[in-house]
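> Provided herewith is a single structure, encoded as structure tokens, for subsequent inquiry.
Protein chains: 4
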Amino acid sequence: MDRPAAFTVSTGPAIVSDRVRAAQGMQSGYHEDPAFKARFRRLGDLVGQVLRTSNDIVLMQGEAVLGLEAALVAAVRPGMKVINVASGPYGKGMGWWLDAMGADIIEVETGFRDVPTAEMIGAALAANPDVELLCVVHVETPCGTVAPIAEIGRLCRAAGVVSLVDAVASVGGLDVRTDEWQLDIVVTAPETCLGGPTGLSLIAVSPEAWALVGRNPRAPRASFLSMLDWKEKWIDGDAFPYTPSIADVHGALAACEAFLEEGADAVLARHAASGAAARAGVRAMGLTLWAHQESDMADTVTAVELPAGLTDAGVVARVRERYGVQLSASEGAGNQVRIGHIGETARSLHPVVALAALGQGLRDLGATVDIGTGLEATLAALSERPNV
Amino acid sequence: MDRPAAFTVSTGPAIVSDRVRAAQGMQSGYHEDPAFKARFRRLGDLVGQVLRTSNDIVLMQGEAVLGLEAALVAAVRPGMKVINVASGPYGKGMGWWLDAMGADIIEVETGFRDVPTAEMIGAALAANPDVELLCVVHVETPCGTVAPIAEIGRLCRAAGVVSLVDAVASVGGLDVRTDEWQLDIVVTAPETCLGGPTGLSLIAVSPEAWALVGRNPRAPRASFLSMLDWKEKWIDGDAFPYTPSIADVHGALAACEAFLEEGADAVLARHAASGAAARAGVRAMGLTLWAHQESDMADTVTAVELPAGLTDAGVVARVRERYGVQLSASEGAGNQVRIGHIGETARSLHPVVALAALGQGLRDLGATVDIGTGLEATLAALSERPNV
Amino acid sequence: MDRPAAFTVSTGPAIVSDRVRAAQGMQSGYHEDPAFKARFRRLGDLVGQVLRTSNDIVLMQGEAVLGLEAALVAAVRPGMKVINVASGPYGKGMGWWLDAMGADIIEVETGFRDVPTAEMIGAALAANPDVELLCVVHVETPCGTVAPIAEIGRLCRAAGVVSLVDAVASVGGLDVRTDEWQLDIVVTAPETCLGGPTGLSLIAVSPEAWALVGRNPRAPRASFLSMLDWKEKWIDGDAFPYTPSIADVHGALAACEAFLEEGADAVLARHAASGAAARAGVRAMGLTLWAHQESDMADTVTAVELPAGLTDAGVVARVRERYGVQLSASEGAGNQVRIGHIGETARSLHPVVALAALGQGLRDLGATVDIGTGLEATLAALSERPNV
Amino acid sequence: MDRPAAFTVSTGPAIVSDRVRAAQGMQSGYHEDPAFKARFRRLGDLVGQVLRTSNDIVLMQGEAVLGLEAALVAAVRPGMKVINVASGPYGKGMGWWLDAMGADIIEVETGFRDVPTAEMIGAALAANPDVELLCVVHVETPCGTVAPIAEIGRLCRAAGVVSLVDAVASVGGLDVRTDEWQLDIVVTAPETCLGGPTGLSLIAVSPEAWALVGRNPRAPRASFLSMLDWKEKWIDGDAFPYTPSIADVHGALAACEAFLEEGADAVLARHAASGAAARAGVRAMGLTLWAHQESDMADTVTAVELPAGLTDAGVVARVRERYGVQLSASEGAGNQVRIGHIGETARSLHPVVALAALGQGLRDLGATVDIGTGLEATLAALSERPNV
């Protein structure tokens with residue numbers, strides 16, 4: 596098992612493109628070199644374009660979980676009232692953090708196979724006029740579901756509530772319009788749909804969000820967890836609070852450039868086609884998609900319920916060892932496995948590779964799967980909506 | 596200034612080798628792929644070999660400042676008595692953190708052109724029998740000085756005090772023997788003398804240090820700042836607390852492999868030769884080395900006092916723009932510039948490149964510098980102690 | 596169509612591994628650098644190991660066609676009697692060259708769907724006692740067939756005839772034992788089964804072959820076509836006749852190292868498994884394999900006859916444009932398309948990718964294909980003989 | 596000596612840029628992939644721009660010596676009258692080839708420390724009205740000299756003579772204006788001043804040159820040496836005569852793009868500055884430049900006569916082993932060593948590195964060299980004409 600999987604169709608980190616790899620492999624140099632500082636500035640600009648915002652872009656130097664923690668710890672004061680949308684393990688984890696930080700939490704729950712409607716969010720906002728922050732996960736990767744953040748953003752703004760969106764698993768694969776949807780804090784990362792490196796958090800922060808942070812006397816400074824350091828030293832100044840992760844910055848720049856050159860429309864279309872083809876295949880194989888509603892399913896990740904008697908770890912290991920294909924096991928949502936359609940794997944026949952491996956792996960383990968019919972359905976879907 | 600410097604002889608991050616670049620540019624994949632997990636495990640093993648220790652190795656996923664903050668926040672309780680050795684801006688910064696965390700600090704100071712002797716440390720330990728932690732920076736990069744950590748480590752252990760060493764700027768260039776010297780927490784990183792990527796903290800933690808952490812009820816968990824997460828989930832388990840920075844891990848692995856294959860003796864010898872050659876050149880040019888004592892000067896960084904009337908920013912900018920060579924400006928220690936001899940720049944004629952650029956840049960700006968004599972002295976030194 | 600195919604399952608050049616890519620991207624330098632000369636020497640050694648021979652290894656600096664032409668032009672004198680085994684377009688092309696060089700040719704023909712038996716070769720040798728050279732193509736890539744070179748080599752040696760084998764499409768995927776099989780001139784290249792770069796010819800030359808060349812007064816010298824330059828200057832001396840192709844040398848070295856580390860047995864087994872799985876799939880789809888006999892089919896390339904009314908160019912273009920998969924069109928053998936199982940594509944589900952794309956492409960163009968059954972057969976075969 | 600030189604300042608192949616390295620390391624794929632064919636077509640277009648010509652561009656798949664031999668073998672008929680300008684070993688070698696091909700040669704000689712004047716060429720043309728071809732080397736790398744090809748091209752066109760220019764060591768570093776100067780066959784390569792890979796010949800061919808080739812019934816076809824194959828199959832068709840060297844094509848494309856983006860003026864200026872600085876340094880060191888006239892010296896290569904008693908091999912080996920710097924030994928012109936200022940080494944302080952290493956190496960071997968004065972002169976020259 597020294598050799599990485601020949602095909603990785605996991606939910607992320609994803610495989611990266613040649614362009615990103617070349618960028619990661621560039622000579623490194625000194626972060627104070629003016630050429631590097633120009634690149635870092637440019638990365639902020641491009642992330643703003645990807646997120647469709649003119650808000651400040653904070654580039655934190657650790658993978659997405661750093662950005663999420665940093666945003667929360669900057670915004671949340673003990674006793675502050677927060678609505679937390681918990682339709683999956685990630686949302687639940689956000690609640691854990693909020694609780695540890697002393698927030699007074701109103702949790703909007705749906706179970707892990709559904710997502711809340713805009714109406715549910717509107718009702719929660721209306722019922723809690725003193726809420727200051729609402730947290731929501733755009734794509735609950737563990738469940739394969741997508742929340743209605745366009746509506747949620749506008750509802751929050753109308754209610755004077757700062758919205759904080761975990762868009763780590765969606766940006767670059769699903770539509771995210773920060774300014775149009777009035778989203779306040781959008782946390783994403785390069786390593787999923789953008790097909791970039793793991794190791795950075797990309798955060799858009801609105802003036803409303805900065806105002807909330809300004810009201811928190813314990814918002815960290817001089818800390819790896821501090822968004823304010825980056826705001827005050829880099830965005831408003833020209834100094835790095837500490838040394839950026841150079842190879843990751845180079846890779847993220849390449850990923851953003853590739854996204855913008857291909858164009859959001861084209862990129863989103865191939866993610867949509869890949870997701871649709873995978874779902875068609877799963878159904879035709881006689882398997883069950885995890886979420887209840889097709890309309891709740893994210894095009895970037897397909898979660899498949901496992902037949903009784905099989906475990907996610909067992910299936911993933913079989914497929915990896917026997918066929919050299921890496922799927923994602925469950926991540927706390929239930930007995931399922933997951934396939935990513937993210938970045939480079941939202942192209943060409945990656946859904947076929949994933950379903951062929953999954954189908955045969957299930958059959959090897961004793962399940963009844965109609966592999967051929969499933970693959971034909973996937974191919975037929977791709978024939979109508981090519982995703983090259 | 597879009598083009599990076601042709602020659603980077605900064606104090607770090609350094610240029611990286613072809614081997615590291617190739618590793619950084621490898622296909623990325625999924626962190627749960629067994630092949631990646633094996634690589635991550637191997638990185639821990641190799642870091643242990645580099646640090647000459649059988650202690651636990653915590654690999655935190657952010658550049659060195661994360662590791663330092665994480666170690667402090669894990670170890671320090673409000674009111675805890677801590678000796679802080681502050682012989683430079685980095686040591687002073689450590690004191691700032693200790694203060695913010697509520698420690699009761701005994702600061703051992705020397706000014707920025709000297710380092711404390713072992714006797715001074717011994718006296719401080721003797722005078723403060725209730726101290727629990729001693730913090731010291733091995734190489735004060737801003738000053739170009741090196742502290743006697745071999746003695747300090749043993750004194751601390753004898754006194755029952757946990758030692759915490761910032762060895763970020765020394766490991767891979769100067770001798771660091773964690774177990775032999777009885778060092779408890781050694782924090783380093785791949786991006787300086789090891790010639791690896793920026794973005795990771797490599798931390799050796801002794802049982803004594805874990806015991807101290809165990810006495811701190813506020814040591815973070817479920818946080819990007821948490822050493823305990825890595826201890827409990829990865830070291831004692833087999834799970835990642837969050838997604839590692841894959842390209843950086845690949846690069847760090849290559850850097851450690853290269854160090855171990857070349858062998859510590861050979862690597863340290865070429866750092867020593869480079870530093871000695873640079874110092875000979877600086878003196879022969881008629882310039883002044885920053886530190887007072889030759890014996891306090893680190894072979895990995897040469898700090899040069901600037902002639903009156905010149906600023907570090909001005910000199911560094913001139914040299915960069917005019918000659919394509921990137922030096923390091925001062926970092927809070929005084930009016931000086933610095934040259935690194937770290938990793939790949941501790942080879943061949945890099946000291947000549949650095950001093951030729953510095954000398955001509957100073958002359959351009961009106962200083963009197965005997966460039967030719969200086970470069971001849973550097974070359975003569977290298978002729979006797981080649982550092983290929 | 597600016598973007599290369601997401602999946603390339605052509606007959607070669609093949610996709611290359613990360614290791615080869617990294618090697619190709621290394622810093623280049625000067626060919627007279629002792630470090631480069633050592634690498635070049637090492638490449639010769641490793642090629643000898645791959646070819647299982649202690650004969651001289653000539654590394655010519657152009658793709659395989661250079662090596663073939665160079666070998667012929669070195670060996671063939673006008674009027675010299677040569678047996679040419681022509682079971683495909685490549686063998687036919689060899690005959691064209693022999694004719695242009697004035698050889699007196701005895702052509703052993705079989706049509707393009709069969710290969711000659713050892714008996715046929717033995718008879719030709721017996722009937723032509725004054726033959727000096729026999730030329731044979733090991734794998735006729737255009738036909739997907741493999742010739743019995745083990746027997747042919749021994750028959751030639753017994754008859755005192757020099758054998759020249761075009762093993763370009765087989766070495767690294769099929770067994771080639773130069774010394775054991777008494778083969779005299781074996782011409783191969785890194786870009787097919789070894790998964791290396793295009794741009795080199797790797798040639799093993801026996802003493803018997805050099806003796807034949809020695810009898811040719813017109814064997815070129817001081818020419819890009821000259822094998823003798825490399826023999827006399829590099830092999831028997833230590834000088835390059837001209838500048839080697841540095842990146843290709845680096846890449847080929849990495850490819851040979853990878854082959855030898857994985858081990859011939861493991862490598863050949865996964866090529867065999869891939870070929871067998873592909874053939875099972877083709878048949879189960881209701882399509883026709885090109886060659887008449889299963890035993891004549893090479894595991895490294897699967898040639899599939901096209902249904903009437905379809906053209907190879909049309910099918911290949913459809914599959915490439917619609918699904919991002921690159922197959923090989925016919926190369927002069929008839930109305931067929933071809934799939935390679937070479938190097939990195941002789942792993943994992945590459946045969947599934949190739950057949951899914953081909954099957955759906957054929958269906959799109961109006962053919963009747965049982966895609967699902969075919970893919971199930973391929974997967975079932977891989978389930979029994981995994982080729983990770 | 597496993598490790599390549601830390602600094603390569605040879606006469607070529609040169610070190611390559613990050614951009615070229617990244618291109619060489621891209622995934623390889625199939626040459627018939629439409630995306631690759633588009634890249635190959637684009638390479639021809641860019642080479643035409645670099646050579647400032649609208650003539651056909653033939654891209655042959657072997658290093659420069661292939662292009663030179665191919666051009667000669669296509670153009671030269673036995674008994675054809677050819678003027679050969681032989682002012683160095685390369686020109687002499689061209690004469691050797693011409694002789695082997697049966698040409699009737701008029702050799703214009705100057706010795707190896709001078710170049711012919713335009714008047715000398717004019718006289719030779721006037722005295723030989725039946726000449727059909729004139730061969731000249733633009734930069735005689737072994738001598739460090741440059742011939743007046745602007746005038747030679749025009750004189751040839753006026754006389755109805757086809758000119759063939761070996762511009763391998765000049766294109767990308769010195770001005771070459773194919774159409775304006777009426778040059779007929781210009782042979783160059785990516786690996787010297789363009790800073791690209793070794794392994795390709797880039798040839799511009801005028802209609803007049805094709806007409807000459809058309810009069811040669813023995814111009815090769817179906818051969819690795821054939822320019823006509825590329826003309827007829829690729830330029831006038833859309834088919835490759837054989838498989839191109841994919842990594843080299845990718846690298847050459849990147850090198851041409853970089854040249855055109857930086858702009859010829861900027862590129863030539865930094866080559867000129869580097870050459871001038873090196874020559875100033877050599878003189879100030881008390882050493883002797885090889886050529887007699889400063890005006891004959893090429894900015895891309897500095898040839899330095901060795902003090903009596905030293906050998907080129909000895910000096911180059913000393914400098915390489917002791918200081919990790921790779922110079923070029925002599926190449927048949929006399930007792931000298933050479934420094935390249937080509938591509939990436941025509942930037943920044945590369946001339947300082949080269950002369951520091953050379954000077955100290957000479958001193959180590961017992962010569963009297965004024966190293967300091969020499970390096971000061973080099974730096975002073977660069978201070979006036981920066982070449983970043």
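Chains as they are written, first to last, in my numbering: chain A, 596 to 983; chain B, 596 to 983; chain C, 596 to 983; chain D, 596 to 983.
By construction, the Cβ of each residue, glycine as well, lies at the ideal position given by its N, Cα and C atoms.
Since the model is a prediction, treat every value here as computed from it, not as a measurement.
Given a limit of 9 Å on CB to CB distance, which residues of the region 612–623 of chain C reach chain B?
Here the close residues are D613, R614, R616, A617, A618, G620, M621, Q622.
> So, are the CB atoms of B:E727 and B:V677 less than 8 Å apart?
Yes, the pair counts as a contact, with Cβ atoms nearer than the cut-off.
> What is the DSSP secondary structure of B:L720, counted as helix, strand or coil?
Three-state result, B:L720: helix.
> Give me the Cβ distance between B:G935 and B:G607, rounded to the nearest whole Å; I'm assuming they're in contact under 8 Å.
Between B:G607 and B:G935 the Cβ distance is about 6 Å, and since that is below 8 Å, they are a contact.
> Whole-angstrom Cβ separation of D:V782 and D:L882, contact assumed at under 8 Å?
About 33 Å; that fails the 8 Å criterion.
> Within the 8 Å Cβ cut-off, does B:Q955 reach chain D?
Chain D contact via Cβ: present.
> Looking at the structure shown, is C:T968 part of a helix, part of a strand, or coil, going by DSSP?
In this structure, C:T968 counts as helix in the three-state DSSP scheme.
> Rounded to whole angstroms, how far is the Cβ of A:I700 from the Cβ of A:N723, which I believe are closer than 8 Å?
Between A:N723 and A:I700 the Cβ distance is about 11 Å, and since that is not below 8 Å, they are no contact.
> In the DSSP assignment, what are the bridge partners of B:K828?
Paired residues: none, contrary to the question.
> According to the Cβ coordinates, are B:E658 and B:G794 closer than 8 Å?
Cβ distance < 8 Å, so B:E658 and B:G794 count as in contact.
> Rounding to the nearest angstrom, what Cα-Cα distance links B:M621 and A:H845 in this structure?
Each residue's Cα considered, the two are about 14 Å apart.
> So is C:W805 buried or exposed if we call it buried at 16+ other beta carbons inside 10 Å?
The residue in question, C:W805, is buried, as its Cβ has 16 or more Cβ neighbours within 10 Å.
> For a test of the three-state rule: what should DSSP assign to B:T906, helix, strand or coil?
The answer is coil: DSSP assigns B:T906 none of H, G, I, E or B.
> Taking the alpha carbon of A:F819 as the point to measure from, which residue in B:V766, B:L977, B:V668 has its own alpha carbon closest?
Of the candidates B:V766, B:L977, B:V668, the one whose C-alpha sits nearest the C-alpha of A:F819 is B:V668.
> So with CB distances below 9 Å, who are the chain A contacts of B:W691?
Here the neighbours are A817.
> Can you tell me whether DSSP reads A:T603 as helix, strand or coil?
Strand, per DSSP.
> In chain B, which residues lie with their C-beta within 7 Å of the C-beta of D:L974?
Correct list: A951, Q955, I966.
> Using a cut-off of 9 Å between C-beta atoms, extract the partners of B:A601 located in chain D.
Chain D residues near B:A601: E939, R942, S943, L944, H945, V983.
> DSSP three-state call for C:A609: helix, strand or coil?
Residue state, collapsed to three classes: coil.
> Cα separation between B:A834 and B:R636?
About 11 Å.
> Could you tell me whether the region 928–947 of chain C touches the region 876–890 of chain C, where touching means 3 or more Cβ pairs closer than 8 Å?
Contact holds: three or more Cβ-Cβ distances are below 8 Å.
> Taking the alpha carbon of B:V763 as the reference point, which residue from B:D779, B:E746, B:L750, B:E735 has its own alpha carbon closest?
That would be B:E735, whose Cα lies nearest to the Cα of B:V763.
> Give the C-beta separation of B:E775 and B:R647 to the nearest angstrom, bearing in mind that I take them to be a contact with Cβ-Cβ under 8 Å.
Indeed, because the Cβ distance is near 7 Å, the residues count as touching under 8 Å.
> Strictly under 8 Å for the Cβ-Cβ distance: is C:S978 near chain A by that measure?
So yes, C:S978 belongs to the interface.
> With a cut-off of 8 Å, do at least 3 Cβ pairs link the region 933–949 of chain A to the region 915–924 of chain A?
Touching, per the Cβ criterion.
> Is A:G876 helix, strand or coil by DSSP?
Three-state result, A:G876: helix.
> Just checking: is the beta-carbon of D:G674 within a distance shorter than 8 Å of some beta-carbon in chain C?
With 8 Å as the cut-off, D:G674 does not count as an interface residue toward chain C.
> Taking 8 Å as the CB-CB limit, is D:V604 close to chain B?
So no, D:V604 is outside the interface.
> Since A:M689 is in the alpha helix (DSSP H), which residue starts that stretch and which ends it?
Taken as a continuous stretch (DSSP letters only), the alpha helix (DSSP H) holding A:M689 covers 684–695.
> Quickly, what does DSSP pair B:K676 with across the bridge? List them, please.
Answer is B:D699, bridged to B:K676.
> Buried or exposed for C:R915, please, with buried defined as at least 16 other CB atoms from any protein chain shown within 10 angstroms of its CB.
It counts as buried.
> From C:H733 to B:P629, what distance separates their C-alpha atoms?
Going by the C-alpha atoms only, they are around 38 Å apart.
> Taking buried to mean at least 16 other C-beta atoms within 10 Å of its own C-beta, is D:L778 buried or exposed?
Buried: at least 16 other Cβ atoms inside 10 Å.
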